[in-house]
Every structure is written in C-alpha cells, then in structure tokens.
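For the sequence shown, this note's numbering gives the first residue as 2, with consecutive numbering after it. Every residue, glycine too, gets a C-beta built ideally from N, C-alpha and C.
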Amino acid sequence: MDGIADMGGTLGWGSAKPPKKDEPVFGEVWEGRAFALALLSMRTAGTNLDSFRHALDRQPREKYIDDGYYGRWLHAAELMLVESSIIAPDAVEQRTRKLLGQAVTEPERPEPHKPDYAPTAAGSLRQVDEPPRFAVGDRVRAKDISPPKHTRLVGYVRGHEGVVAAIQPSHLLPDTHATFEGENPQHVYSVAFDSHELWGADAEDFTLHIDLWDSYLEDAS
Numbered sequence: 002m003d004g005i006a007d008m009g010g011t012l013g014w015g016s017a018k019p020p021k022k023d024e025p026v027f028g029e030v031w032e033g034r035a036f037a038l039a040l041l042s043m044r045t046a047g048t049n050l051d052s053f054r055h056a057l058d059r060q061p062r063e064k065y066i067d068d069g070y071y072g073r074w075l076h077a078a079e080l081m082l083v084e085s086s087i088i089a090p091d092a093v094e095q096r097t098r099k100l101l102g103q104a105v106t107e108p109e110r111p112e113p114h115k116p117d118y119a120p121t122a123a124g125s126l127r128q129v130d131e132p133p134r135f136a137v138g139d140r141v142r143a144k145d146i147s148p149p150k151h152t153r154l155v156g157y158v159r160g161h162e163g164v165v166a167a168i169q170p171s172h173l174l175p176d177t178h179a180t181f182e183g184e185n186p187q188h189v190y191s192v193a194f195d196s197h198e199l200w201g202a203d204a205e206d207f208t209l210h211i212d213l214w215d216s217y218l219e220d221a222s
C-alpha cells in the first residue's frame with residue numbers, strides 16, 4: 002500500500018536539517034517513554050517489527066506528520082494493541098479524558114485475539130538455499146507495481162533501472178511478514194540508482210543505493 006510514510010522523493014517538505022552536535026537521543030522525556038511503549042506493545046500484541054512498520058504506514062496524515070516522529074510511534078502502538086484486542090478501540094481516548102477529570106465510562110477490556118504467529122528463528126535474517134538471481138553488476142528494474150498491503154518497495158524507484166552493487170544477507174519478506182502470511186525469505190540486493198534516472202535531468206548529481214528484495218526486481222539487461 003502507498004501510505005503517508007512513502008514520501009521519499011516527493012516535494013514540498015522543505016530542506017533536511019542535520020542533527021545538532023551532541024543532540025540527545027530523545028528531545029523530551031515523553032519520547033523515550035513512547036519508544037519503550039512501542040517496543041513493549043509489539044511483544045504484548047504478539048506482532049513483529051514489520052507489522053509495526055505496517056501500523057505506521059496506515060496512520061492518517063495528522064497522526065503521522067503533525068504529531069511528530071514519536072507521536073506516530075504511539076499511534077502505531079495503539080493500533081497494534083487494538084487489532085490484537087488487547088485494548089478496546091477507544092480505550093486510550095477514554096482514559097485520557099478520565100485523567101483530565103472528565104466523567105467517562107471506560108470500555109471493558111476485550112478478550113485478546115493475537116495473531117497466530119511464531120518466528121522460525123531469532124531476528125530477520127534467514128538462509129535461502131537457491132543462488133541469487135542477480136549478480137553484482139547486473140542491470141535490474143524495480144517493478145512498477147503498487148502492492149495492496151505493506152511493502153518496502155518505495156514509490157520513487159518503481160519502474161526505474163539500476164545496477165546491483167552488492168548482495169546482502171537474505172531476509173524475511175516484509176510484505177508477507179507484516180501481515181502474518183509467512184516469512185518468505187528472499188535474497189536482498191543493494192541496487193545503485195542514478196539520481197537522473199529517478200528524478201530527471203535537473204536532479205542533483207548523485208547515486209542512491211537502496212536495498213530491494215528479489216521479488217521487487219526484474220531483469221533489465
């Protein structure tokens with residue numbers, strides 16, 4: 002799915018600001034708490050890192066952009082807990098109103114309904130017995146597709162050609178792992194794209210390297 006998170010290469014966001022020297026990891030105390038809550042929510046909801054990213058993808062603009070980086074982490078954590086029936090859909094809103102002194106009736110806690118999911122091994126790297134389809138130096142094309150669910154195939158490389166620069170360790174396929182439809186490990190390639198191939202003749206002159214799963218690519222030789 003093409004959610005708000007896939008904004009790379011789009012215009013209108015202003016210039017990037019490098020971090021300040023000795024900038025703290027968390028700008029405010031609540032951000033550190035949001036980070037911890039998101040990690041705990043994944044475990045409590047019985048989900049995984051890719052499903053967390055899928056929860057981020059599905060945030061509306063006001064939650065993803067306006068509430069900031071760790072604000073969207075909190076919204077994603079809430080979504081995972083609601084979808085696993087750990088909390089009711091409006092539980093956070095009602096608890097917030099209660100803390101503000103308003104008279105509310107908090108919803109009953111539902112019966113948990115976690116995904117039927119268990120990883121086959123720790124981490125995200127997996128062994129793939131088949132040799133890679135592509136070798137370093139091969140010319141490839143990112144498929145011009147718009148998957149209906151989660152994907153790491155970003156919009157700005159779809160339909161464009163690049164060159165395999167390196168073969169990375171094989172990895173779970175996020176597209177199916179995020180929605181508990183299987184790990185489907187694949188070879189992953191670091192593909193080098195010329196900036197002009199992606200953004201035209203007026204783009205700055207540079208090479209972009211992006212890691213792409215085998216099923217995202219087709220031969221362009």
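query                                                                                                                                                                              : result
What first and last residue would you give for the beta strand (DSSP E) that runs through A119?                                                                                    : Looking at the DSSP string, A119 is not in any beta strand (DSSP E), and its letter there is neither H nor E.
Check the DSSP bridge columns for V83 and list the partner residues they point to.                                                                                                 : According to DSSP, V83 bridges with nothing at all.
Just to confirm, are H161 and A143 a CB contact at a threshold of 9 Å?                                                                                                             : yes
Do R59 and L75 have their C-beta atoms within less than 9 Å of each other?                                                                                                         : no
Less than 6 Å between C-beta atoms, sequence neighbours within five positions excluded: which residues of the same chain meet that for Y118?                                       : F181
For F194, which residues does DSSP report across the bridge?                                                                                                                       : L209
Checking 9 Å against the spacing of the C-beta atoms, do T45 and L82 come in under that value?                                                                                     : yes
Looking at the structure shown, is S171 part of a helix, part of a strand, or coil, going by DSSP?                                                                                 : strand
Looking at the structure shown, is Q1 part of a helix, part of a strand, or coil, going by DSSP?                                                                                   : Nothing about residue 1 can be reported from this structure: the residues present for the chain run from 2 to 222 only.
Measure how close the beta-carbons of A166 and S191 come, nearest whole angstrom, since I'm counting them as under 8 Å.                                                            : 5 Å
Give the DSSP-derived three-state secondary structure of L126 in the structure shown.                                                                                              : strand
For E24 and D220, I'd like the C-alpha separation in whole angstroms.                                                                                                              : 44 Å
Restricting to Cα atoms, I'd like to know which of S86, W31, L101, A122 is closest to G69.                                                                                         : W31
Could you name the residues of the same chain whose beta carbon sits closer than 8 Å to that of R127, not counting the 5 residues immediately before and after it, in chain order? : T121, S171, H172, L173, E184, P186
Report back the beta-carbon spacing between V158 and I211 to the nearest angstrom; my notes put them in contact at under 8 Å.                                                      : 6 Å
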